[in-house]
Each structure stands twice: as C-alpha cells, then as structure tokens.
Amino acid sequence: MRCGAPGPRRIIASFPSADPCAGPGTVRDRALTPWRCKTFPLYARLVRYGFRKHATYVRGALAGAFTNSVFGILRAYTLIAVWQARPGLAGYDITDAITFCFVTQAFIGPMQLFGGGLTIPERIRSGDIALDLVRPASLQLWTLAEDVGRAAYLFLVRGIPPMLLGALLFGISVPTRPGQWAAFLTGFALAVIVSFGWRYLVALSVCWLLDDRGVTVLSMVLSTFFSGMMVPLHLFPGWFGDLVMVLPWAAMVQLPTDLYLGTAAVADTLAVQALWAAVLLGLGALGTRAIRHKVVIQGG
Amino acid sequence: MARTYFLLLWTWTRAAAAYPVSFAMMTVLGFAIAAIDVAVILIIFANTTTLAGFSREEVLFLYGAANLAFTICDTFVSNLDRVSTHIKAGTLDTFLIRPVGAWIQLAADRFMATRIGRILQAGLVLGYAVSALGIGWERAWMIPVMVLTGIVIFASLWTIAGALQFLLTDAPEVVNTLTYGGSQLTQYPFSVYTRDLVKGVTYVLPLAFVNWQPGLYVLDRADPFGTPGFMRFLGPAAALVLALSAALVWRQGLRHYRSTGS
Amino acid sequence: MIELDRAGRSFKVKRSVVHAVQNLSFTVSAGEFVGYLGPNGAGKSTTIKMLCGILTPTSGTVRVAGLDPSRRRTTLARRIGVVFGQRTTLWWDLPLRDSFELIRHLYRIDRAAFAARLDELTGTLDLGAFLRTPVRQLSLGQRMRGDLAAALLHAPDVLVLDEPTIGLDVVSKASIRDFLLRVNAERGTTVLLTTHDLGDIERLCRRVMLIDHGRLAFDGTLDDLMATAPEQSSIEEVVTRLYTGSAS
C-alpha cells in the first residue's frame, strides 16, 4: 500500500493512474511525504469499500430506482401542467422542467435526501463509536470516503434508471458542451460533499440528544423541501425564493441541476457549493472533536 | 378484534406519552411534514391561477379529501408495511404465536399517536377549501362518503403492500409506490395525467375513487376525460372490491411465509 | 399432547430441495418433560415452528393438544406457550407489566385468574423488582424470566421452549430450571425444550429425543441415552458420540 512498495504492487502501480503515489521511480514518488503516501490510498480504498458495501444491496438499490422512477413520473405530470399554464417560467421550457424532475429524482439516492446513509447514529447508541475514535484516522474523513463510494454506487444503480426512463417516456435534455458536463460533474461532486457534511452533523447530534427522531424528521423536511426536490426553488416567491437559493440544501439539488441544464452561472454556483461544503465540513470537524472529548474524556 | 386493536393503540400511546417532550415534538413535526405538500401547492399557485383547469381552492379540496383518508390510514394501519423488517429481524413469529390475527397485531404495532398532527392538517385544508368554495349540503354529503371510501382504498393498498413484502423481503421500498405513490397521485386533479394513466388508476387500481370521481361530483364539474356521470357514485363498490382482493392477497402472503419460513 | 406422524418439511433453496425435517414421528404425552437435542441446523427450530403453526409441514401430520397447528393456529395459541431464547416475544419498548396486560387481553384471560396467576409468577420468578421497566432495559436473565411468565399467563397445556437458557449465567440458569421443574410438577404442564446446554437435560428431562439431519436419531430416557456409550462416559461424551456418529 505504501508507495514504492516492492513486489507485484510495483507492477500494478506502473500503470498510468490518477493515484499521486503511482509511477515508481518518478520525482513525485520520492518527493511525496510518507504521510501522503499512506493516507491517500487508505481513503481511496475506503471509497472502494463504500462502493462495494452498497453493491451487495443491489436489489434494494434497484427497488429504490423503481420507486424513484414511479414518483418521478407522477411529479413530471404535475410540472408539465405548471409549465403548460406558464410557459417559460423560471427560464425553463417544458423539457427543462421534465429534465429537472428526473435529474432531481436521480439525486435522492446519492444525496440521501430522505436522511440516513451513515451508520454513526447506531454506532453512537451501541457505544461502538469509541472504537472508531481510537483509530489513527479521522472519523470524519473515514466516513466521508465511505459515503462517496456509496453515493457513486447509488448514482449509477439508483440514479441513472429514473433518468433513462424519463428520457424514454417524456424526453429529457442532455448537456451538449463538454464544459457543461464538467461543470455539472464538479457541482454533483460538491453536492455529495455538502449532503455528507449536513448528514454528518445530524448524525453526530445523536450524541447529545436522548431522542434523535425529531432531528431526523426536521432534516428530512429541510433537505426535501429546501433543496428543490419537491418543486424548483425558482418558483418560490419573492425574498423567500432568493433566500432558499443560498441555503446549503439548494447546494445539494437545485444548484447542480441548474448546472446540468446550463441555466446557472457556473463560477458563482460552484462557489456557493464549495463554500457550503467547506462550512459544513469545518463544523463537522469541530463536532468530531467535541464527540471525541465527550466519549474519550467523559466516557460516553 | 376491534377491542384488541384499540387496546394495542392505547398501550403504545401510553408508552410514548411517558416521554412528553418527544411526544409534543413529533406531533408538531408531523404537522410540518404534512404542511410541505400544501406549501408546494401554494407555491405552484403563486405562479399560476389554474392547474390543468382547476383553481387553487379546487386543488386544495381534492388534496385535502385524499390526504385526510391517507393520513388516517398512515396513522392507523401503515405499520403493515414493516412486514419485511419483521421477517428480517425474525420477529414476525412472535405475532404468529398469539391467538389474534397477524393483520390486527401488525397494523397496531408501534402505533404513533403523534401522527394525528397530519390528520389534523389534512382536515384543516379540507375544511378551508370547502368553505372557500361555498359547497352546499346538496353536494357536500358526498364528502364523508368519499373520505370513507378513500380510507378503505388506502387501507387495502397498505394491506397489499404488506402482503407483497412477504415476497419482496430484500426490496421493501418497492411497495411504497402503492401507498405513498397512491397518495402522491391523488394530490392533484387527474386532468394533469394522461388518459392511459387515468384509465389504469380507474379500472385497474381504483385510486380515481379516492377523490377524483366523487370530487368531480362535489365540485359539480364534468370529467375532462368524459366518463359518464354514474361513475361518480361507484366509489364504495370499487373500495369493497379492492378490500376483498386485499384480504385474499394478505392471506396468500401469510401462507407463503408459513410455507417458506423465510 | 404432541403427536407427529411422519412429519416432514422441505425448503427450496436455489433450485435444490433441502429436507429440514423428514419422516419425523413421535408422541409426547400429557405431563412429560422432554429434551429435544440436536446439532445446529438439525431441524429443531423447524420442528418447533411446525408445532406452533408458524410453518406448515410439507408431509405427514402434526397434532398439538388435539389440533392441527397449521390450520388452527390461533385456537392452538390459547393452549400453547412458546418461548424463543434468542428473541423476546414481549413488546420491546413497553414496561413488562404493560406487556402482561396486553397478553391478558390478547388471550382473553379473565381479570381474577390473571391477577392470581401474575401474583404467583411474580413470586416464583421474582419479577417484582422490574415489572415497571421497559423490556429493552432488562438484563438477559430478567428478560427470560419475563418471557417465561408471558408464555404461562394463559395457563397453557403445553410449553415449548427454544433454547431458554442460552447466554444466561449460572444463577439465572439454576432459577429458570427450578421454575420449569415446578411448572411441570405442580401444574402438569407438558414441556418440550430444545437446548445446547446438557446441564438443562441432566437436570430437567426424563426423556430425551435427539434429531440429526432432520431425522430422529434417539428417543428414550436419559438412562437409555447414557447406556448407548461405554460406562463412566459423561453426558457430553455420549452426546458428542451421537452427534458425530450419526453424522458419518
């Protein structure tokens, strides 16, 4: 796992790869600090584990794809009726509105919009969290890596089918310019991180609450309604509409979808998303410290 | 039967009431969840005056009527769709060793009185819409009939959903399309959907009788799809047929469990 | 009280058929205390599920208290008590007392009989200290005593126990064994018990049945069982011989 490891590992590593540790004998190989070398493959590996762990629940994911597709169809009809009444509303045409509907349905799995996806609450309740905290790796990054793997898997298995079905039944638009794809994929990646950042905070809150159901429900309300999953945030009236566009939940669904549709200013949108990702991860890091303090020093 | 059911409800409520703060919080949040759907309708009508030929108050009426039936079922029988959870945890057997039918026990299991907040919300919306539309008694008599019909239809769907979970242990989410999907479908006037879809949910899965057909009568409107007038009154019959089918499917599901033990 | 006549139960697992229980015949008379032994996966749980009517047999007949369990499941439920050691039949989030109260209604036990019975069980099982505690907060030993009381509140003729002493400490085991002996002796309740703890068998069971690969491998008294092996063998050695012997 360490870079420059002898044996067969070297042969594998000599293939062109995005791994910064790759390329034995290169300048980079020697210039990299051992910390970097050990850590990056660890988290890359965790991403893969997260992906594989969810791949064992393929039937559940397909069931989710089916459910998301059915609800997508029902939502699409409502949105079509709205845009028939008001063509060009919010700068969308009817195809954009339908595309919006199925892209956002595809986000339900990867962004885990109905909550959950993290095992932390169970581990806090069972006390196993103490084991996670004594590991010589950051609980937050560890969990993030696994969650990225989960999101990647769910996007493929649970996200793509509703979009294909939407394309088949109604016709949806697809980004044509490579720049639009790049912007969307970057925005999607940031959205996964924002979603993780939010759910991580919600998960940690279990540690301080006797009954976490309230927070869970509240989080579900916020991340379905204020993300644009129910209805595009552009339809929200007046100052309320402006406000919801800059909240973190918009960064999970509405902003990346606008990048997909090409209706948003790319740099501004990505900046808002990146800001929220940084803020939420920062708060998460503080939360991790607090929970470590609580578990290790106060003993749970 | 009924006594056992209400006793189970009462026991669960008492257990939950032991934590009054959680209890109050969950009731309020239940209300908030339900309010999302209304908020969506209001946001849509902030952008348009009619949706597929229906005004805001008419849509709220259709929504309120369907949602009242739905939230009542969601409160009183929705735990039927935890069958697969029970199978996976091995706890289904404990229902089967009791001298009372599994359906009653499962429906009442983990009853949450806090969901009453949602029923209240649906009732308020319906009440508002009826008074705003100025519906007189000569047509309003249909409203209780349609809500009762809706309750029977949704309860049957939940029963079918639970029964299907005996087969779909790995993918319990699929059955949500029946229950929550049925609720989503009935939130809007059926004129937003295509003719084929509406035919399907009229003649195959009788969701049209939850609020659309009887609702047209209450609103005194002709069916944009042109179904004859007598269809407005077929709700109770359709609900009865669905309920009988649901009972059969449930028995079949339970039989399947007892012959596979999985 | 329990009659199995060539009862069999097979499952389809990935296109092949697994016979969990086959051609199983035995009779347990009223008032007997029978230990039902077998290695893991031998078919013990399948048998128990057939006795309660949770599983329908694929062949042969099963009768418990004169009833066909799979057809008369809810009627039989009033005459049989069941305890699963691995999981509770009580309501996880409810205080023990509420669970009992529910059982009173579910089984339609009349109030006076219930009160008397609960008093008696509270005394013999020493439940008094945790009657108001939610089941999830009980220790395993307390929970098992609660489960036993729940299974006996309706005064069943037959008590079926699936590994009732699993995971318990020596003191809890001893108290549960004493209790079971008392129930059997004083009330004449027929008891069928599965266990991996041979101490349970030695202490409790006059008769032992051993099932392996879905078939009855031994049925007789504890003395008969001991006689199948050379003298001076311990019960562990005897059972090990039977388990490994019948497997080969």
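Keeping their order, the protein sequence lines are chains A, B and C. Everything in the first sequence is counted per our numbering, starting at 2 for the first residue and increasing by one. Everything in the second sequence is counted per our numbering, starting at 33 for the first residue and increasing by one. Everything in the third sequence is counted per our numbering, starting at 365 for the first residue and increasing by one. Ideal Cβ positions, reconstructed from N, Cα and C, are used throughout, including at glycine.
For residue i, decide whether its Cβ has a neighbour in chain A, counting only Cβ atoms nearer than 8 Å.
i       : result
N79(B)  : yes
T259(B) : no
A84(B)  : yes
S54(B)  : yes
T209(B) : yes
Answer with yes or no whether the minimum CB distance from residue i to chain C is below 8 Å.
i       : result
P131(B) : yes
Y51(B)  : no
T43(B)  : yes
Please report whether the beta-carbon of residue i lies at a distance below 8 Å from any beta-carbon of chain B.
i       : result
R442(C) : yes
D462(C) : yes
A107(A) : no
A152(A) : no
V446(C) : yes
S539(C) : no
R509(C) : no
T79(A)  : yes
I418(C) : yes
G89(A)  : no
L458(C) : yes
Measure the alpha-carbon distance for residue i versus residue j and round it to whole angstroms.
i       : j       : result
V218(A) : L138(B) : 23 Å
A271(B) : F227(A) : 37 Å
F171(A) : F72(A)  : 14 Å
P268(B) : T181(B) : 6 Å
L132(A) : Q197(B) : 36 Å
I175(B) : A97(B)  : 8 Å
V109(B) : A195(B) : 13 Å
T226(B) : A278(B) : 27 Å
G26(A)  : A286(A) : With a pLDDT of only 41 at G26(A), under the threshold of 50, the placement of this residue in the model should not be trusted, and no figure is reported.
F156(A) : V135(A) : 32 Å
L152(B) : L43(A)  : 52 Å
A146(A) : A204(A) : 16 Å
T438(C) : G285(B) : 17 Å
S139(A) : S503(C) : 35 Å
Only counting the same chain, and skipping five residues up and downstream in sequence, which positions put a Cβ closer than 6 Å to that of residue i?
i       : result
H383(C) : S374 and G578
Q245(B) : M263 and R264
P528(C) : V447 and G449
S174(A) : T96 and T100
T486(C) : G492
A32(A)  : In this prediction, A32(A) has a pLDDT of 43, which is less than 50 and means its spatial position is unreliable; what the coordinates show is noted afterwards. Hits under 6 Å: none found.
With C-beta atoms as the reference, is residue i less than 8 Å away from residue j?
i       : j       : result
T211(B) : D113(B) : yes
Q386(C) : G402(C) : no
G65(A)  : G110(A) : yes
P221(B) : L274(B) : no
P137(A) : D213(A) : no
W190(B) : C105(B) : yes
I130(A) : V267(A) : no
P249(A) : L202(A) : no
Flag residue i as yes when its Cβ comes closer than 7 Å to any non-hydrogen atom of the ligand NAD, and as no otherwise.
i       : result
M178(B) : Of ligands this structure carries none, so the ligand NAD is not represented either.
Which class does residue i belong to by DSSP, given the choice of helix, strand or coil?
i       : result
E367(C) : strand
S220(A) : helix
P176(B) : helix
F222(B) : helix
Y58(A)  : coil
N243(B) : coil
F390(C) : strand
G166(B) : coil
M263(B) : helix
Y303(B) : Absent from the structure is residue 303(B), since the part of chain B shown begins at 33 and ends at 294.
P459(C) : strand
M231(A) : coil
Check whether the Cβ of residue i lies closer than 8 Å to any Cβ atom in chain D.
i      : result
E89(B) : In the structure shown, chain D cannot be found, because the protein chains are A, B and C.
Going by beta carbon distance, what residues of the same chain come within less than 8 Å of residue i, once the five residues before and after it are set aside?
i       : result
M112(A) : A152, A192, V193, S196, S224, S228, M253 and V254
M590(C) : S597, I599 and V602
C102(A) : G73, R76, A77, L80 and G167
R475(C) : R468
Tell me which same chain residues have a C-beta within less than 7 Å of the C-beta of residue i, skipping the five on either side of it?
i       : result
I73(B)  : V91, L92 and Y95
A154(B) : A66, G96, N99, L100 and T103
N243(B) : L94, A97, A98, M178, G182 and T218
R461(C) : L495 and R496
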